[in-house]
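Here the structure comes first, spelled out in structure tokens, and everything after it is commentary.
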Amino acid sequence: MIMDGLDALKKKYLDGIMAASEEGALETLRLAAIGKKGEVAMKMRELGKMTPKERKSAGPALNALKGEIISALAARKASLGDAALEARLWLDVTMAGRPSRQGSIHPVSQVTEEVAAIFADLGFSVAEGPQIESDWFNFDALNIPPEHPTRTEMDTFYMHRDADDTRVPNVLRTHTSPVQIRYMQEHGAPCRIIAPGRVYRADYDQTHTPMFHQIEGLALGRDISMANLKWVLEEFFSAFFEIDGIKTRFRASHFPFTEPSAEVDIQCSWSDGQLKIGEGDDWMEVLGSGMVHPKVLAAGGIDADKYQGFAFGMGIDRIAMLKYGIPDLRAFFDSDLRWLRHYGFRALDMPSLHAGLSG
Ligand code: DAH
């Protein structure tokens, strides 16, 4: 009698297990079949009432059914797990990218490109030099004497030399000016170049970081003068800040590598704590410049009786802060993605004069 119902029971549970679509349903089936009060368990209890003969065939049959149900449950559980894993790993390579993962261009890179685009239009090409520089290129060739304060360890990062090595150590370049010398030595005059890049000084506060960026300019010819410098810089600042006719102010200054030397300010206004470039009666210092010193021309292998010209150096990070309203220089180099998303630029917007510099 027991045996009669077993086939139906087996079919019911094995079909149910195959159809189960989640682990909860499998557990319900397990309890209904082989749990303490499950159907198979109840039938096992009836074994005691059977004759020994009946028991001999019903016992193994019930045990076999129980075993089948247990292994069917385990198999189904495993295949549900595989399916869940597969669903998670499924990848559609034709799916569109996620915009939230997009990278962005750092303001320093963007501004460097903008500056290069403007100067390219004025006939300047881009030159480069090494960041680890000999002290001759970084100082001597630029007419900076050995006792000059910038050469002390306080400002300049000197590279390591072994104790028995008596050569003067190399330095991390403290400015982009040594590129002037390298370019003159290699290409001679006349020339018109800019040289953007990283420079290093031992300094750290809201407006100074130990690594920052400068852009150097150099123009040599037979009769290049300070007047040419003023025109070039006014053209540059008007294009860079996208404001026509920005005025500059030249203040007499001193740099060892230029004679005469000038610090250059651009016109601005401060009202209610708001800075506006290109209007008003205030001035903001933006760069150092001058006529290249004859000793510097000589170090570059240029005949100072034939050629003369101007040079300038300005901070890229600083003009980026002014143009894009970025308050703290240190944040430039913190690698904080939220800062980059806020101040960064879209990757495919290359600045050009005709398309608009800042995209
Ligand atoms: N090298 C100077 C600095 O780092 C900047 C500078 C001033 C560069 C005058 C020049 C120049 O080419 O003519 O502060």
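Per this note's numbering, the very first residue in the sequence shown carries number 20; after that it's consecutive. Note that beta-carbon positions come from the ideal geometry of N, C-alpha and C, so glycine has one too. All figures in this text were calculated on a predicted structure; none of them were measured in a lab.
With a cut-off of 8 Å on Cβ pairs, the segment 186-199 is in contact with the segment 207-224, counting three or more such pairs. The Cβ neighbour count for Lys75, taken over all protein chains shown within 10 Å, is under 16; the residue is labelled exposed.
A residue is called buried once 16 or more other Cβ atoms fall within 10 Å of its Cβ, and Met340 is buried on that count. Closest by C-alpha distance to Phe276, out of Asn162, Met69 and Leu372, is Asn162. Annotation for Gly309 indicates a beta carbon within 7 Å of some heavy atom of the ligand DAH. A straight line joining the alpha-carbon of Gln327 with that of Leu239 spans about 5 Å. One Cα belongs to Gly264, the other to Ile234, and the distance between them is close to 22 Å.
Note on Thr185: under 16 other CB atoms within 10 angstroms of its CB, so exposed under the neighbour-count rule.
Within the segment 208-281, the beta strand (DSSP E) runs of at least 3 residues that lie entirely inside it are, in chain order, 210-219, 230-240 and 267-274. Pairing Met310 with Phe331 gives a Cβ-Cβ distance that is not under 8 Å.
Between the alpha carbons of Arg64 and Arg95 lies a distance of about 27 Å. Between the segment 277-295 and the segment 164-181 there are fewer than three C-beta pairs closer than 8 Å, too few to call the two in contact. Glu278 and Met173 have their C-alpha atoms some 27 Å from each other.
Residue ranges of uninterrupted beta strand (DSSP E) with 3 or more members, entirely inside the segment 285-325 and ordered along the chain, are 293-296 and 301-311. Every alpha helix (DSSP H) of 4 residues or more that sits fully in the segment 123-159 is shown, in chain order, as 126-140 and 154-157. In the structure shown, Phe351 falls within a helical segment according to DSSP collapsed to helix, strand and coil.
Between Ala281 and Ser272, the beta carbon gap of about 6 Å places them in contact (Cβ cut-off 8 Å). Take the alpha-carbon of Pro164 and the one of Glu304: they are about 26 Å apart. Here DSSP, grouped into helix, strand and coil, assigns Gly334 to strand. Look at Ser196: its beta carbon is less than 7 Å from one of the heavy atoms in the ligand DAH. Taken from the Cβ of Ala330, at least one heavy atom of the ligand DAH lies inside 7 Å. Closer than 7 Å to some heavy atom of the ligand DAH: that does not describe the Cβ of Phe364. Counting along the chain, the unbroken alpha helix (DSSP H) around Asn82 starts and ends at Pro71 to Leu108. Per DSSP, the continuous alpha helix (DSSP H) segment holding His361 begins and ends at Leu356 to Tyr362. Here His125 has no same chain residue with a Cβ atom under 6 Å from its own Cβ, once five neighbours each way along the sequence are excluded. Taking a contact to require three or more Cβ pairs closer than 8 Å, the segment 197-213 and the segment 344-360 do not qualify as touching. Non-local C-beta neighbours of Glu253 in its own chain, meaning closer than 6 Å and more than five positions away in sequence, comprise Thr267, ordered along the chain. The segment 175-207 is shown to contain no whole beta strand (DSSP E) run of 3 or more residues. Judged by the Cβ position, Gln233 qualifies as a neighbour of the ligand DAH at the 7 Å threshold, a heavy atom of the ligand being closer than this. Relative to the ligand DAH, Phe143 has its C-beta separated by 7 Å or more from all heavy atoms. Excluding sequence positions up to five before and after Phe156, its CB lies within less than 6 Å of the CB of Pro197 and Ile200, all in the same chain and listed in chain order. In the DSSP annotation of this structure, the continuous segment of the alpha helix (DSSP H) that includes Met61 starts and ends at Glu58 to Glu65.
Check the Cα spacing between Lys342 and each of Asp353, Ala51, Val130 and Leu372: the tightest is with Val130.
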